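Reading through the structure tokens given below for one structure.
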Amino acid sequence: MKTAIEVKKLCKSYSNIKAAQNIDISICFGEVFGLLGANGAGKSTTVECILGTKKQDSGTVSILGMNPQQERKRLFEKVGVQFQEANYQDKIRVAELCKVTASLYRNAADYIGLLEQFGLSDKLKSPVSELSGGQKQRLFIVLSLIPNPEIVFLDELTTGLDARARRDVWRSLLDLKQKGLTILLTSHFMDEVEVLCDKIMILKKGEAIFYGTIQDAVAASPYEKLEEAYLWYTDEEEKEYESI
Amino acid sequence: MKAFKTLLKTEISLSLRGMDMFIFAICMPIVVVVILGALFGNKPAFEGAEYTFLEQSFGAVSTIAICAGGVMGLPLVVSDYRSRKILKRFKVTPISPALILTVQVVIYTLYSIASLILVYMISALFFDYQLRGSWSQFLGAYLLVMLSMFSIGLLVGGLAPNTKIAGVAASLLYFPMLIFSGATLPYEIMPAGLQKAANMLPLTQGIKLLKAASLGLPIDSVFIPVVVMIIIAVICVTISLRFFKWE
Chain F
1 MKTAIEVKKL
11 CKSYSNIKAA
21 QNIDISICFG
31 EVFGLLGANG
41 AGKSTTVECI
51 LGTKKQDSGT
61 VSILGMNPQQ
71 ERKRLFEKVG
81 VQFQEANYQD
91 KIRVAELCKV
101 TASLYRNAAD
111 YIGLLEQFGL
121 SDKLKSPVSE
131 LSGGQKQRLF
141 IVLSLIPNPE
151 IVFLDELTTG
161 LDARARRDVW
171 RSLLDLKQKG
181 LTILLTSHFM
191 DEVEVLCDKI
201 MILKKGEAIF
211 YGTIQDAVAA
221 SPYEKLEEAY
231 LWYTDEEEKE
241 YESI
Chain X
1 MKAFKTLLKT
11 EISLSLRGMD
21 MFIFAICMPI
31 VVVVILGALF
41 GNKPAFEGAE
51 YTFLEQSFGA
61 VSTIAICAGG
71 VMGLPLVVSD
81 YRSRKILKRF
91 KVTPISPALI
101 LTVQVVIYTL
111 YSIASLILVY
121 MISALFFDYQ
131 LRGSWSQFLG
141 AYLLVMLSMF
151 SIGLLVGGLA
161 PNTKIAGVAA
171 SLLYFPMLIF
181 SGATLPYEIM
191 PAGLQKAANM
201 LPLTQGIKLL
211 KAASLGLPID
221 SVFIPVVVMI
231 IIAVICVTIS
241 LRFFKWE
């Protein structure tokens with residue numbers, strides 16, 4: 001299988017804090033990759049260095065064979081991004097934000113259809129600021145899909161969504177996965193990771209403490225569920241400390 | 001082109017919804033011209049002058065909108081979009097910084113032109129104003145003033161590290177220029193010392209050109225103000241594009 005995203009020895013630190021240390025990631029086309037870890041473990045930093053919105057201290061990144069710093073305009077024709085925080089102009093309406101986003105791409109998707117798929121078709125005229133947290137979240141997933149992307153980055157994709165909306169988002173993403181979309185996501189919800197991800201990486205203090213398939217992650221731990229295995233991976237040090 | 005048109009249309013709606021530019025660039029020059037017209041109306045600019053006070057002030061008043069948009073609106077909108085991380089979101093799309101900035105410049109150009117038309121119509125209809133010089137010279141000078149003011153605004157918006165500093169810088173540029181360059185307070189009634197200080201402001205030079213074109217007076221030194229304003233514009237635009245920061 002061909003690689004869609006290749007990250008080698010990525011390092012990034014802020015003053016004294018090492019936010020990412022020697023991160024290696026390789027994601028094939030059509031794969032869904034989950035980046036896991038507690039708050040502050042370095043997920044967002046890693047994602048931003050991959051996207052080129054932050055400059056790494058060392059290491060290389062290649063998305064679709066392109067360097068995101070040097071080939072930004074060509075690359076982002078084919079890559080959709082949803083950031084953790086929703087950023088939009090004051091007083092802008094849903095339809096306006098979608099239309100502007102669509103206008104930036106050569107082959108934009110039909111955003112009306114996407115809004116419908118994500119349950120927002122009655123919100124076209126609403127100011128984005130008046131949407132609920134979950135609605136905003138879904139809107140920004142829609143925006144990330146407007147480019148008809150080959151790869152999509154979703155940072156904490158279902159934070160703030162209710163149970164029903166979460167299931168709906170999963171279903172939509174699984175559909176897109178079937179059509180060959182490559183996804184890199186970060187998440188705090190292990191049920192979601194189990195449903196969506198083929199491979200995961202668990203980060204702790206900027207270091208990868210696990211990298212592989214979900215089955216491997218569970219098998220290598222003394223537990224049978226991903227959530228417990230995940231907690232076991234991330235808590236290991238504390239447990240050793242307690243036993244002393 | 002599609003991106004430019006859509007972004008322009010949306011940003012114009014957003015700007016009008018925001019109201020501040022409507023007040024500062026459209027309403028304020030109208031208020032100033034009405035007050036000047038009502039107070040001094042058709043009185044001569046000074047004893048023995050061949051033109052009226054309003055005719056003398058027309059060029060200056062027509063730049064209020066340029067000043068408001070260029071050194072207040074433009075830097076604030078750019079730094080606001082940066083601090084709200086809207087530019088960060090744009091960075092992960094194929095848009096170029098030049099397109100984002102051009103859209104904003106076009107919006108403030110439209111405000112300025114709308115203001116010029118309104119100020120002209122009010123002056124002509126209610127206060128018997130007429131442009132004695134050449135329209136082409138006047139419009140050329142007007143374009144030049146826009147170019148230099150907007151480029152200063154782009155520079156401030158592009159380089160200010162946060163909205164607060166952009167706001168302070170904008171006020172430091174806006175208020176002295178608005179008051180001392182002759183845009184609101186007529187240059188002619190200032191004491192000589194203040195006139196000298198005001199001459200340092202690029203807007204003052206621009207207003208002198210406009211005034212000469214409006215009154216049909218000979219301009220003794222067009223060359224220097226024109227060159228100075230063009231140089232300012234080229235330097236500011238180059239720096240603001242070269243050092244454009246998405247975040």
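For the protein sequence lines, the chains are F and X, in the order given. Residue numbers are given in the UniProt record's numbering: position 101 of the first sequence equals residue 101, and the series is strictly consecutive. Residue numbers are given in the UniProt record's numbering: position 35 of the second sequence equals residue 35, and the series is strictly consecutive. C-beta: ideal position from N, C-alpha, C; glycine also. As the structure is a prediction and not an experimental result, all values here were calculated from the model.
(message) Output needed in chain order: residues of the segment 56-90 of chain F with a Cβ under 8 angstroms from some Cβ in chain X.
(response) R72, K73, R74, F76, E77, V79, V81, F83, E85, N87, Y88, Q89, D90
(request) Name the one or two DSSP bridge partners that X/P44 has. (result) By 1-based counting over the second sequence, the position of residue 44 of chain X is 44. Note: X/P44 sits in a beta bridge opposite X/T52.
(message) Does F/L181 pass the burial test, meaning 16 or more other C-beta atoms within 10 Å, or should it be called exposed?
(response) Here residue 181 of chain F is taken as the residue at index 181 of the first sequence, counted from 1. With 16 or more Cβ atoms within 10 Å of its Cβ, F/L181 is classed as buried.
(request) For F/Y105, name the three-state secondary structure that DSSP assigns. (result) The count along the first sequence starts at 1 and reaches residue 105 of chain F at position 105. Three-state DSSP puts F/Y105 in coil, outside helix and strand.
(request) Below 7 angstroms CB to CB, which residues in the same chain sit around F/E77 once its five sequence neighbours on both sides are set aside? (result) The sequence position of residue 77 of chain F within the first sequence is 77, counting from 1. Here the set comprises Y105, R106, P147.
(message) My assumption, with CB atoms under 8 angstroms, is that F/E207 sits in contact with F/Q21. Please give the rounded CB distance.
(response) As a position in the first sequence, residue 207 of chain F is number 207, starting the count at 1. As a position in the first sequence, residue 21 of chain F is number 21, starting the count at 1. With a Cβ gap of about 5 angstroms, F/E207 and F/Q21 count as contacting.
(request) Can you say whether F/Y88 is buried or exposed, counting buried as having 16 or more other CB atoms within 10 angstroms of its CB? (result) Numbered from its first residue, the first sequence carries residue 88 of chain F at position 88. By the 10 Å Cβ count, F/Y88 comes out buried.
(request) Give, in chain order, every residue of the segment 10-32 of chain X whose Cβ lies closer than 9 angstroms to some Cβ of chain F. (result) T10, E11, S13, L14, R17, G18
(message) Measuring straight from C-alpha to C-alpha, what distance separates F/V47 and X/I26?
(response) The residue given as residue 47 of chain F occupies position 47 in the first sequence. The residue given as residue 26 of chain X occupies position 26 in the second sequence. Spanning the two alpha carbons is a distance of roughly 45 angstroms.
(request) May I ask you to list, following chain order, the residues of the segment 73-95 of chain X that have a beta carbon less than 9 angstroms from some beta carbon of chain F? (result) D80, Y81, R84, K85, I86, L87, K88, R89, F90, K91, V92, T93, P94, I95
(request) Quick one: which unbroken alpha helix (DSSP H) runs of 4-plus residues sit fully inside the segment 164-204 of chain X? Chain order, please. (result) 192-198
(message) Considering only their Cβ atoms, is the gap separating F/V169 from F/L124 smaller than 8 angstroms?
(response) Taking the first sequence and counting its residues from 1, one reaches residue 124 of chain F at position 124. Taking the first sequence and counting its residues from 1, one reaches residue 169 of chain F at position 169. No, the Cβ-Cβ distance between F/L124 and F/V169 is not below 8 angstroms.
(request) Could you tell me the distance, in whole angstroms, from the CA atom of X/F58 to the CA atom of F/G113? (result) The sequence position of residue 58 of chain X within the second sequence is 58, counting from 1. The sequence position of residue 113 of chain F within the first sequence is 113, counting from 1. So the alpha carbons of these two residues sit roughly 53 angstroms apart.
(request) Give the secondary structure of X/I100 by DSSP, where H, G and I count as helix, E and B as strand, and everything else as coil. (result) The residue given as residue 100 of chain X occupies position 100 in the second sequence. Note: X/I100 maps to helix in three-state DSSP.
(message) Whole angstroms are fine: how far does the CA of X/G18 sit from the CA of F/D90?
(response) To locate residue 90 of chain F, count along the first sequence from 1; it is residue 90. To locate residue 18 of chain X, count along the second sequence from 1; it is residue 18. Computed Cα separation, rounded: 8 angstroms.
(request) Kindly provide the ranges of any alpha helix (DSSP H) runs that are 4 or more residues long and lie completely inside the segment 107-147 of chain F, ordered along the chain. (result) 111-117, 133-145
(message) Could you tell me the alpha carbon to alpha carbon distance between F/S187 and F/I50, rounded to whole angstroms?
(response) For the purposes of this step, residue 187 of chain F is identified with residue 187 of the first sequence, where counting begins at 1. For the purposes of this step, residue 50 of chain F is identified with residue 50 of the first sequence, where counting begins at 1. So the alpha carbons of these two residues sit roughly 17 angstroms apart.
(request) Identify which residue in X/L39, X/P97, X/I23, X/D80 has its Cα closest to the Cα of X/I239. (result) Numbered from its first residue, the second sequence carries residue 239 of chain X at position 239. Per the Cα distances, X/P97.
(message) Going by C-alpha to C-alpha distance, which of F/I183, F/A165, F/D110, F/I202 sits closest to F/Y230?
(response) The residue given as residue 230 of chain F occupies position 230 in the first sequence. Out of F/I183, F/A165, F/D110, F/I202, F/I202 has the C-alpha closest to the C-alpha of F/Y230.
(request) Could you tell me the boundaries of the beta strand (DSSP E) in which F/S58 lies? (result) Locating residue 58 of chain F in the first sequence gives position 58, counting from the first residue. Segment 58-63, the beta strand (DSSP E) holding F/S58.
(request) For the beta strand (DSSP E) containing F/I209, list its first residue and its last residue. (result) Within the first sequence, numbered from 1, the residue matching residue 209 of chain F stands at position 209. Residues 207-213.
(message) Taking the straight line between their C-alpha atoms, what separation do you get for X/K208 and X/Y129?
(response) Start at 1 with the first residue of the second sequence, and residue 208 of chain X comes out as number 208. Start at 1 with the first residue of the second sequence, and residue 129 of chain X comes out as number 129. Approximately 18 angstroms, taken between the alpha carbons.
(request) Could you name the residues of chain F that X/A3 contacts, counting a contact when the two beta carbons are closer than 9 angstroms? (result) One-based indexing of the second sequence puts residue 3 of chain X at position 3. The answer, in chain order, is V100, S103, L104, Y105.
(message) I'd like to know whether the C-beta of F/E156 is nearer than 8 angstroms to at least one C-beta of chain X.
(response) The residue you call residue 156 of chain F lines up with position 156 of the first sequence. Taking Cβ atoms only, chain X never reaches closer than 8 angstroms to F/E156, which makes this a no.
(message) According to DSSP, is X/F223 part of a helix, a strand, or is it coil?
(response) Your numbering for residue 223 of chain X matches position 223 in the second sequence. X/F223: helix per DSSP, three-state reduction.
(message) Check whether the segment 24-40 of chain X and the segment 87-97 of chain X are in contact - that is, three or more C-beta pairs closer than 8 angstroms.
(response) no
(request) With DSSP as the reference, label residue 256 of chain F as helix, strand or coil. (result) Given a span of 1 to 244 for chain F in the structure shown, any question on residue 256 of chain F remains unanswerable.
(request) Run down chain X in chain order and give the residues with a C-beta less than 9 angstroms from the C-beta of F/T53. (result) For the purposes of this step, residue 53 of chain F is taken as residue 53 along the first sequence, with counting starting at 1. By Cβ distance, chain X contributes K88, K91, V92, W246, E247.
(request) Below 6 angstroms CB to CB, which residues in the same chain sit around F/M190 once its five sequence neighbours on both sides are set aside? (result) Position 190 of the first sequence, counted from the start, is the residue given in the question as residue 190 of chain F. The residues are L226, E227, Y230.
(request) Tell me whether X/I95 sits in a helix, a strand or coil according to DSSP, three-state version. (result) As a first step, residue 95 of chain X is located in the second sequence; it is residue number 95 there, counting from the start. Coil, per DSSP.
(message) If I follow the unbroken alpha helix (DSSP H) through F/Q82, where does it start and stop?
(response) Position 82 of the first sequence, counted from the first residue, corresponds to residue 82 of chain F. Premise fails: F/Q82 lies in the beta strand (DSSP E), 79-82, not in any alpha helix (DSSP H).
(request) Determine, using beta carbons only, whether X/L144 and X/V226 come nearer to each other than 8 angstroms. (result) Stepping through the second sequence from its first residue, residue 144 of chain X is reached at position 144. Stepping through the second sequence from its first residue, residue 226 of chain X is reached at position 226. Contact flag set, yes.
(request) State yes or no: is the beta carbon of F/I92 nearer than 8 angstroms to at least one beta carbon in chain X? (result) Translated into positions along the first sequence, residue 92 of chain F becomes position 92. With 8 angstroms as the cut-off, F/I92 counts as an interface residue toward chain X.
(request) Name, in chain order, the residues that DSSP records as bridge partners for F/F33. (result) The residue given as residue 33 of chain F occupies position 33 in the first sequence. Paired residue(s): F/L184, F/K199.
(message) Just to confirm, is the Cβ distance from F/I92 to X/L99 under 8 angstroms?
(response) One-based indexing of the first sequence puts residue 92 of chain F at position 92. One-based indexing of the second sequence puts residue 99 of chain X at position 99. Taking 8 angstroms as the Cβ cut-off, F/I92 and X/L99 do not qualify as a contacting pair.
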